[in-house]
Amino acid sequence: MASLFNMPITSLSGIGSKRAELFAKLGVKSVGDLICFYPRTYEDWSSVEKIENLQYGGIYCIKGILAKPIVDSRIKGGKLLSKTTVYDETGSLQIVFFNNRYISSMLSCGTEYFFYGRITIGDYGAQMIAPTFSPASAGLRITPVYKQTSGLVSKTIANCVKQALRLLPKNINDTFPEQVRKSFDLCDLCCALINIHFPENIEMLETARKRLVSEELVVLNLGMRNLREHTRGVCGIKIMQDYSKEFESLLPFTLTNAQKRAVSDCCRDMVTKTSPMNRLIQGDVGSGKTAVAASVCYSVIKNGYQAAFMAPTEILARQHYSTFSKLFENSDIKTALLTGSLKESEKKKIRQSLADGEIDLVIGTHALITDNTEFFNLGIAVTDEQHRFGVAQRAKLLGKGQNPHLLVMSATPIPRTLGLIVFGDLDISVIDELPPSRKPIKTVLMNTSQRARIYNFIRSEISAGRQAYIVCPLVEEGELDNVAAAEEYAAELMLKQFSDIPVGIVHGHMKADEKEAVMSKFVANEYSLLVATTVIEVGVDVPNASVIVIENAERFGLSQLHQLRGRVGRGKFQSYCILVSDNSSAITRQRLEVMCLTNDGFKIADEDLKMRGPGDFFGERQHGLPQLSIADFADTKSLELSQKIADYIMFTYKDIRSDELRPLKAEIVKLFEQGGHNTLN
Numbered sequence: 008m009a010s011l012f013n014m015p016i017t018s019l020s021g022i023g024s025k026r027a028e029l030f031a032k033l034g035v036k037s038v039g040d041l042i043c044f045y046p047r048t049y050e051d052w053s054s055v056e057k058i059e060n061l062q063y064g065g066i067y068c069i070k071g072i073l074a075k076p077i078v079d080s081r082i083k084g085g086k087l088l089s090k091t092t093v094y095d096e097t098g099s100l101q102i103v104f105f106n107n108r109y110i111s112s113m114l115s116c117g118t119e120y121f122f123y124g125r126i127t128i129g130d131y132g133a134q135m136i137a138p139t140f141s142p143a144s145a146g147l148r149i150t151p152v153y154k155q156t157s158g159l160v161s162k163t164i165a166n167c168v169k170q171a172l173r174l175l176p177k178n179i180n181d182t183f184p185e186q187v188r189k190s191f192d193l194c195d196l197c198c199a200l201i202n203i204h205f206p207e208n209i210e211m212l213e214t215a216r217k218r219l220v221s222e223e224l225v226v227l228n229l230g231m232r233n234l235r236e237h238t239r240g241v242c243g244i245k246i247m248q249d250y251s252k253e254f255e256s257l258l259p260f261t262l263t264n265a266q267k268r269a270v271s272d273c274c275r276d277m278v279t280k281t282s283p284m285n286r287l288i289q290g291d292v293g294s295g296k297t298a299v300a301a302s303v304c305y306s307v308i309k310n311g312y313q314a315a316f317m318a319p320t321e322i323l324a325r326q327h328y329s330t331f332s333k334l335f336e337n338s339d340i341k342t343a344l345l346t347g348s349l350k351e352s353e354k355k356k357i358r359q360s361l362a363d364g365e366i367d368l369v370i371g372t373h374a375l376i377t378d379n380t381e382f383f384n385l386g387i388a389v390t391d392e393q394h395r396f397g398v399a400q401r402a403k404l405l406g407k408g409q410n411p412h413l414l415v416m417s418a419t420p421i422p423r424t425l426g427l428i429v430f431g432d433l434d435i436s437v438i439d440e441l442p443p444s445r446k447p448i449k450t451v452l453m454n455t456s457q458r459a460r461i462y463n464f465i466r467s468e469i470s471a472g473r474q475a476y477i478v479c480p481l482v483e484e485g486e487l488d489n490v491a492a493a494e495e496y497a498a499e500l501m502l503k504q505f506s507d508i509p510v511g512i513v514h515g516h517m518k519a520d521e522k523e524a525v526m527s528k529f530v531a532n533e534y535s536l537l538v539a540t541t542v543i544e545v546g547v548d549v550p551n552a553s554v555i556v557i558e559n560a561e562r563f564g565l566s567q568l569h570q571l572r573g574r575v576g577r578g579k580f581q582s583y584c585i586l587v588s589d590n591s592s593a594i595t596r597q598r599l600e601v602m603c604l605t606n607d608g609f610k611i612a613d614e615d616l617k618m619r620g621p622g623d624f625f626g627e628r629q630h631g632l633p634q635l636s637i638a639d640f641a642d643t644k645s646l647e648l649s650q651k652i653a654d655y656i657m658f659t660y661k662d663i664r665s666d667e668l669r670p671l672k673a674e675i676v677k678l679f680e681q682g683g684h685n686t687l688n
C-alpha cells in the first residue's frame with residue numbers, strides 16, 4: 008500500500024494533467040491519496056420505496072419506468088427546465104431537472120431506472136428535483152458520494168477510485184496485527200478499504216467504518232502519547248521543596264479545594280518526577296487558574312529558578328502582570344513585563360536583567376520567544392489560553408531553558424473523552440469549583456421584538472456605572488460582510504439608541520494594535536458599550552462589565568456562547584447574558600435553553616459535543632492536532648474503543664517500535680508529519 012502513495016494519480020486511466028489539478032484541489036495527488044479519500048456520505052439505493060409510500064421532505068430511492076419523453080422549456084432567467092414522469096405499480100411521480108441539456112439523451116422512454124432524491128411539492132403535486140439515477144439493470148447498491156470541486160463530480164471520482172482499488176496488493180501490510188484485530192472484532196485493512204468506498208451492504212459499511220475510524224484514532228492516540236514521552240527527557244530543573252503553603256499565607260483570600268488540588272498536582276510532578284512537568288490546568292472562566300499558576304511559579308522561584316508566563320495578546324499580558332504583581336507584593340519576587348510595544352531601550356534592559364538572573368518572573372507575549380530573549384536559569388514556562396498557541400510555540404519557549412517544567416492554562420472546558428486525545432501530550436488537572444465570591448451569571452433568551460426592552464436594560468446598567476458588550480450577528484468568520492454589519496450596527500447605536508454614550512467597536516479585520524487600543528479604552532471605562540464581531544478577546548478582564556448581548560445566538564456553538572458569556576461576571580456586581588434569537592426550531596431552542604439552565608462549562612461542553620461535534624472547541628486548529636480523514640471526535644464510543652485498543656497494544660507489544668508494529672509506526676509518522684511533528688525518531 009505504501010508504494011501507492013508514490014504513484015502519481017495520472018497513472019490512472021482518464022486522469023491527465025488538467026484533471027490531476029482538480030484532484031489536487033481536494034488534496035489528492037497519488038493513488039494512495041485517492042484510496043484514502045473516503046466518501047463524505049452515501050446514497051442508499053439498496054432500499055427501494057414504492058411511489059405511493061413517498062412522503063414530502065423525505066429522501067428515497069424509487070424504481071420506475073419513464074412514462075414519456077422529456078419535455079424541455081425555458082423559465083425566468085433563461086434557465087432550461089426539463090420534466091418527465093415515471094411510474095411503478097402503485098403510482099406516478101414527476102421528475103424535474105434544471106439546466107441539464109444532455110438529460111434527454113441520457114434517459115429513454117419505456118426504460119426502467121432507479122432514481123434517488125428528495126421529495127418536494129410542485130405545481131402538480133409530488134416531484135423529485137435533479138435526482139441521481141442509473142438503469143435498473145445495474146442492480147441495487149449503496150452509492151458513495153464524494154466531496155467535489157468545480158469540474159470534478161462525485162461519479163467521476165467514484166470511477167477513478169474503482170481503478171485505484173484494483174491496484175491494491177493481494178497482501179497488504181495491515182496497520183493492526185492479527186491479534187489486535189481478533190481481540191476487538193476488526194476486519195482486515197483490504198476489506199475495510201473496499202467496503203468504505205463500495206460496500207456490499209449497510210452491515211459491511213459499518214464494519215469498514217468501525218475498522219478505519221478505530222485505526223485513525225489509535226494512530227492519533229499513540230502518536231500523542233509518544234509526543235508526550237518525547238518531551239519527557241531528564242529534567243534539568245531540581246525542585247527540592249514545595250513552597251505552596253508559604254504562598255497561600257501571603258494571599259488576602261483562601262484558595263478553593265479545587266485550586267489546592269491543582270497546585271498539589273503540579274508540585275508533586277516537579278518534586279517527585281525525574282522528567283519535566285507537562286500539565287494542563289483546565290478550569291472554567293473565573294475558577295482561579297491564575298492563582299494556581301502564581302503558586303506554582305512561587306515554588307519554582309523559591310527553589311532558585313526563573314519563571315516565564317506567555318499570554319496571547321498584549322492587553323492580556325498587561326492584565327496578568329498587574330495580577331501577579333499584586334499576588335507577589337508581600338514577597339521579594341521581582342516581576343517584569345516584556346511586550347512588543349515597549350521601547351527598544353526598555354526591552355533591551357529587561358532582556359539583560361533576565362539573562363543576568365535579576366528578574367524572577369517575566370510576563371509577556373511572543374516577545375518571550377524571540378531569538379534575542381535569553382534566561383539565566385528558566386525553571387518553568389506557563390502559557391495562557393492553550394488553544395491560542397501551537398505546539399511549536401510552546402516548544403520554542405521551553406527551548407529557552409534546560410528541559411524546564413511546562414504549565415498550560417485553558418478556560419475552554421473540554422469533555423474528558425475528547426481531552427484524552429486533544430491533550431494527549433499533557434497531564435490534566437481540572438478546577439471544577441468557583442470561588443464563593445463569584446455570582447452566577449443570569450442568562451435569558453429573548454427575540455428581536457424585545458429589542459427596546461434589551462436596550463433599556465443596557466442603559467439602566469450603564470447609568471449605574473456598569474459597562475456592556477453587544478456581539479454582532481455572525482455571518483462567517485473572516486467575511487467582510489460581517490465587518491460591515493458590525494460597523495453599521497455600531498453606527499446606528501451611536502446615532503440613535505446610545506447617542507449620548509461612548510460606544511467602541513472591535514472586529515477581526517482591525518490591525519492588532521488598533522484592536523488592543525479599543526480594548527484598552529474599554530478596560531479603562533472610556534467606552535461604556537463595546538460592539539464586537541464574533542469573538543471578543545478571550546480572557547480580557549473587565550470587572551465593571553455586567554451585561555453581554557449576543558445577537559443571532561443560534562449561529563454560535565454552546566462552548567463559544569459560554570466563552571462569550573465569561574466576558575461578564577468578573578466583578579462584584581450581578582451580571583447578565585442576553586441571547587437574542589428569532590429561530591423557532593425546537594432543536595435550536597433546546598440548545599440555547601441549556602445556556603439559561605447552567606453556568607457549568609463542563610456540562611455545556613458535553614452538550615455541545617453531543618449536539619454539534621468538536622469544531623467549536625478548536626477555532627482555527629491552533630492546538631496542533633493533525634487533520635483526520637474519517638474519525639469524528641463527537642463519536643464518544645469510538646474514542647473510548649480507540650483508548651482500549653491503544654492500551655492493549657502498549658500492554659501487549661510494550662514498544663511502538665517493535666517489528667510487529669512497523670506498519671502502525673509508519674501510519675503514526677505519516678499522520679503527525681502533516682502537523683510538522685516528528686514523533687518517532
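Numbering (the numbering used here), first residue to last: 8 to 688. The beta-carbon is built from N, C-alpha and C at its ideal position, and this holds for glycine as well.
| query | result |
| --- | --- |
| I'd like to know whether the C-beta atoms of residue 374 and residue 349 end up nearer to each other than 9 Å. | yes |
| Closest to residue 33 by C-alpha separation, out of 439, 314, 587, 158, would be which residue? | 158 |
| Should residue 186 be labelled buried (16 or more other beta-carbon atoms within 10 Å of its own) or exposed? | exposed |
| Under 9 Å between the Cβ atoms of residue 389 and residue 414? | yes |
| Using 8 Å as the cut-off, can you tell me whether the segment 323–340 makes contact with the segment 290–306, which would need three or more C-beta pairs spanning the two stretches below that distance? | yes |
| Considering Cα atoms alone, identify which of 176, 385, 465 is closest to residue 582. | 465 |
| Below 8 Å, can you find three or more Cβ-Cβ pairs linking the segment 276–293 to the segment 453–465? | no |
| If the criterion is Cβ atoms closer than 9 Å, does the pair residue 93 and residue 71 meet it? | yes |
| Name the two residues that bound the continuous alpha helix (DSSP H) containing residue 39. | 38–42 |
| Drop a sphere of 10 angstroms on the beta-carbon of residue 13, count the other beta-carbons inside from all chains shown, and report buried for 16 or more, exposed for fewer. | exposed |
| Quick check on DSSP: helix, strand or coil for residue 260? | coil |
| Residue 105: buried (16+ other C-beta within 10 angstroms of its C-beta) or exposed? | exposed |
| What separation, rounded to the nearest whole angstrom, lies between the Cα atoms of residue 695 and residue 555? | Residue coverage of the chain in this structure runs from 8 to 688, which leaves residue 695 outside it and unanswerable. |
| For residue 498 and residue 527, what's the separation of their Cα atoms in angstroms? | 20 Å |
| Shortest alpha-carbon distance to residue 152 belongs to which of 547, 146, 139? | 139 |
| Based on the DSSP output, what are the partners of residue 15 in its beta bridges? | 37 |
| Is it right to say residue 519 is buried, meaning 16 or more other beta carbons lie within 10 angstroms of its own, or is it exposed? | exposed |
| From residue 602 to residue 273, what distance separates their C-alpha atoms? | 32 Å |
| Does DSSP put residue 670 in a helix, a strand or coil? | helix |
| Is residue 680 helix, strand or coil when you go by DSSP? | helix |
| What residues in its chain sit with their C-beta under 6 Å from that of residue 366, if we drop five residues either side in the sequence? | 341, 343, 360 |
| DSSP beta-bridge partners for residue 121? | 70, 141 |
| Name the two residues that bound the continuous alpha helix (DSSP H) containing residue 30. | 24–32 |
| Taking the continuous beta strand (DSSP E) assigned at residue 193, which residues delimit it? | Counting along the chain, residue 193 falls outside any beta strand (DSSP E), and DSSP gives it neither H nor E. |
| Compute the beta-carbon to beta-carbon distance between residue 149 and residue 184, rounded to the nearest angstrom, for a pair I have assumed lies under 8 Å. | Between residue 184 and residue 149 the Cβ distance is about 30 Å, and since that is not below 8 Å, they are no contact. |
| Tell me whether residue 67 is buried or exposed, calling it buried when 16 or more other Cβ atoms sit within 10 Å of its Cβ. | buried |
| Beta-carbon separation of residue 577 and residue 615 under 9 Å? | no |
| Pull up the CB-CB distance for residue 637 and residue 220, whole angstroms please, since I reckon it's below 8 Å. | 6 Å |
| Let me know the secondary structure DSSP gives residue 135 once reduced to three states. | strand |
| So who's on the other strand from residue 55, going by DSSP bridges? | 68 |
| So who's on the other strand from residue 369, going by DSSP bridges? | 315, 343 |
| Measuring straight from C-alpha to C-alpha, what distance separates residue 595 and residue 115? | 45 Å |
| List the endpoints of the continuous alpha helix (DSSP H) containing residue 172. | 161–173 |
| Can the beta-carbon of residue 324 be found closer than 9 Å to that of residue 380? | no |
| Would you check if the distance between the CB atom of residue 97 and the CB atom of residue 36 is smaller than 9 Å? | no |
| Report the option in 194, 232, 266, 163 whose CA atom is closest to the CA atom of residue 217. | 194 |
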